[in-house]
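Protein chains: 2
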Amino acid sequence: MSLRDRKRVRTRQAIVEAATELFEKRGYDETTVAEIAAAAEIGTRTFFSYFTSKEEVMFAESDARVVAAIKAIADRAPDEPPASVLLRALRTVGEDSDDMGSRMAALRVRFLRTVPAVRGRAAQIQFDAQREIARHLAAAYPGELTEVQAGALTGAFVGAVTGALAVLLDDLSEQDDPAAVQAAVREATDIALAVYLKP
Amino acid sequence: MSLRDRKRVRTRQAIVEAATELFEKRGYDETTVAEIAAAAEIGTRTFFSYFTSKEEVMFAESDARVVAAIKAIADRAPDEPPASVLLRALRTVGEDSDDMGSRMAALRVRFLRTVPAVRGRAAQIQFDAQREIARHLAAAYPGELTEVQAGALTGAFVGAVTGALAVLLDDLSEQDDPAAVQAAVREATDIALAVYLKP
DNA sequence: GACAATAACTGCATCGAGTGCAGAATTGCA
DNA sequence: TGCAATTCTGCACTCGATGCAGTTATTGTC
Chain S
1 MSLRDRKRVR
11 TRQAIVEAAT
21 ELFEKRGYDE
31 TTVAEIAAAA
41 EIGTRTFFSY
51 FTSKEEVMFA
61 ESDARVVAAI
71 KAIADRAPDE
81 PPASVLLRAL
91 RTVGEDSDDM
101 GSRMAALRVR
111 FLRTVPAVRG
121 RAAQIQFDAQ
131 REIARHLAAA
141 YPGELTEVQA
151 GALTGAFVGA
161 VTGALAVLLD
171 DLSEQDDPAA
181 VQAAVREATD
191 IALAVYLKP
Chain B
200 MSLRDRKRVR
210 TRQAIVEAAT
220 ELFEKRGYDE
230 TTVAEIAAAA
240 EIGTRTFFSY
250 FTSKEEVMFA
260 ESDARVVAAI
270 KAIADRAPDE
280 PPASVLLRAL
290 RTVGEDSDDM
300 GSRMAALRVR
310 FLRTVPAVRG
320 RAAQIQFDAQ
330 REIARHLAAA
340 YPGELTEVQA
350 GALTGAFVGA
360 VTGALAVLLD
370 DLSEQDDPAA
380 VQAAVREATD
390 IALAVYLKP
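In order, the protein sequences belong to chains S and B. First residue of the first sequence? That's 1 in our numbering, and the numbers climb one at a time after it. First residue of the second sequence? That's 200 in our numbering, and the numbers climb one at a time after it.
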């Protein structure tokens, strides 16, 4: 890795940290890109060569989770049924919420309920990730599972979990407590499974 | 209904029509709010007293669908199981796609794949609607279905359908043909049901 | 170590979405 | 007709985002 690359990684990190700091202190809408850039000691214009938009900073690590889920699918046992593989893959994503130690992850949960732009972007990312997972799931079961079926299966699982989670987080209201959020994710997964397995 | 109200309705309609026309001709991003306002013969500033944002114009009638779904839930038979009621409610929303005769609905499908802002907003609306339906579903089965369970159930159904639909629409690519889209919705529902009923 | 090529950074000008404000125009009602 | 309540509108402004052009830093080569 060249100096250039290392520097770029460092700057990227600086932007995320500066943004985290400011978002925590002032909130999302009240923080301007110019302020983030200034805090990260770069020009405002440079910010946009690292992130295409302000929301993007909040989802800097999201790609890694999808990659992890896809890897989990690839690691399927020879005769493991699709639903089981999918469950393992989604648990992987959920566990990554142990990354909830990350302050940005906490902010994400908080802004999910208050900032439309963040909510919309999150929904879009989830949707895309779901589509990607479905693609790989279908590929892992050639001849056995069409891509459309894989899409339905993935959608059902993810939908059930997020549907339950939405209700739980509503009740949790106004709290950012990482432990509580994690517990909610676990509970949502359990309930989703129960509901899914006996219609 | 006073003259004032009637005029307001008429203006709202004029905005939607003007926007539809321009979106069809020039695309979403290429159409500015100022142009829409001019075509609807109002000031740019006035546009924002009818719609809070540019995307909102595309979802002008969306509320009606959610209301219809909720009504379907209220009409449940005395001993109808939750899953059946939910299915009826969601079919109601799907049928409303016969509203696909509406040019704006066609645009929605088209921009869903091409314009991030529209995609995000659509996801958010779906999410909120889902939450609302879950709330009513739980209320329709007091003591029998907790709100969290209702959330999981609704999420699973909606997720399965949209998951399957996403794949189907991808294949349909670049086509706006209303009939094809409707057929895709039906197929998605069928597959979702099949997947859902035998895990 | 000097040098050219390449990539990254930056300020500037610009556009479009969205908001607050204050005054003009319109409608409702007596 | 006259007055109050709404609605419409232009204006000024903020902020996110993009294109452009000039400057600076990094890299590989001689």
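Backbone N, C-alpha and C fix where the C-beta goes; we use that ideal spot for every residue, glycine too. Note that this is a predicted model, so its numbers are computed, not measured.
For residue j and residue i, the rounded distance between their alpha carbons
i	j	result
E229/B	E223/B	11 Å
R318/B	A259/B	15 Å
E187/S	T20/S	28 Å
F51/S	A328/B	31 Å
A74/S	R88/S	11 Å
P81/S	G155/S	17 Å
M1/S	A164/S	44 Å
D229/S	A64/S	The first residue shown for chain S is 1 and the last is 199, placing residue 229/S beyond what the model contains.
Y340/B	V284/B	11 Å
D204/B	A213/B	14 Å
R91/S	E216/B	46 Å
Q126/S	V167/S	18 Å
Q124/S	S301/B	25 Å
V208/B	R225/B	26 Å
M100/S	R113/S	Reliability fails at M100/S, whose pLDDT of 47 lies under 50, so the model's placement of it is uncertain and the value that follows must be treated cautiously. Distance between the alpha carbons of M100/S and R113/S: 17 Å.
R275/B	Y28/S	43 Å
A194/S	A152/S	18 Å
L169/S	T189/S	13 Å
M58/S	R334/B	30 Å
E240/B	S261/B	25 Å
K7/S	V185/S	36 Å
A183/S	L172/S	11 Å
D376/B	A305/B	8 Å
Y196/S	Y395/B	8 Å
M104/S	A378/B	44 Å
A337/B	A271/B	14 Å
G43/S	G342/B	58 Å
V174/B	F111/S	For residue 174/B there is no data in the structure shown, the boundaries of chain B being 200 and 398.
E234/B	L221/B	8 Å
L3/S	S248/B	52 Å
S252/B	F157/S	33 Å
A282/B	T361/B	17 Å
R45/S	R244/B	29 Å
L145/S	L344/B	32 Å
Supposed contact pair residue j and residue i - C-beta distance, whole angstroms, cut 8 Å
i	j	result
R320/B	E254/B	4 Å
E132/S	V66/S	6 Å
A349/B	A391/B	Rounded, the Cβ-Cβ distance is 18 Å, inconsistent with contact.
V93/S	A69/S	5 Å
V314/B	V380/B	Their Cβ separation, rounded to whole angstroms, is 17 Å, which puts V314/B and V380/B out of contact at 8 Å.
F201/S	A37/S	Residue 201/S falls outside the range modelled here, since chain S spans only 1 to 199, and no answer is possible.
>> Which runs of the alpha helix (DSSP H) at least 4 residues long sit entirely within the stretch 74-151 of chain S? Give them in chain order.
In response: 82-95, 103-112, 116-140
> What residues in the stretch 150-165 of chain S bring their beta carbon closer than 9 Å to a beta carbon of chain B?
Replying inline: A150, G151, A152, L153, T154, G155, A156, F157, V158, G159, A160, V161, T162, G163, A164, L165
> Going along the chain, which residues of the stretch 297-326 of chain B sit with their C-beta nearer than 9 Å to a C-beta in chain S?
Replying inline: P315, A316, R318, G319, R320, A321, A322, Q323, Q325, F326
>> Tell me which residues of the stretch 219-250 of chain B have at least one Cβ-Cβ distance to chain S shorter than 9 Å, keeping chain order.
In response: none
>> Closer than 9 Å between beta carbons: that is the criterion. Which residues of the stretch 332-346 of chain B meet it against chain S?
In response: A333, R334, A337, T345, E346
> What residues from the stretch 372-391 of chain B come within 9 Å of chain S, judged by C-beta to C-beta, listed N to C?
Replying inline: E386, A387, I390, A391
>> Going residue by residue through the stretch 227-268 of chain B, where are the continuous alpha helix (DSSP H) segments of at least 4 residues, counting only ones entirely within it?
In response: 232-238, 243-249
> Relative to chain B, which residues along the stretch 55-73 of chain S have a C-beta separation below 7 Å, given in chain order?
Replying inline: none
> What residues in the stretch 201-220 of chain B have a beta carbon less than 8 Å from any beta carbon of chain S?
Replying inline: none
> In the stretch 172-196 of chain S, which residue ranges form an unbroken alpha helix (DSSP H) of at least 4 residues, counting only runs that do not cross its ends?
Replying inline: none
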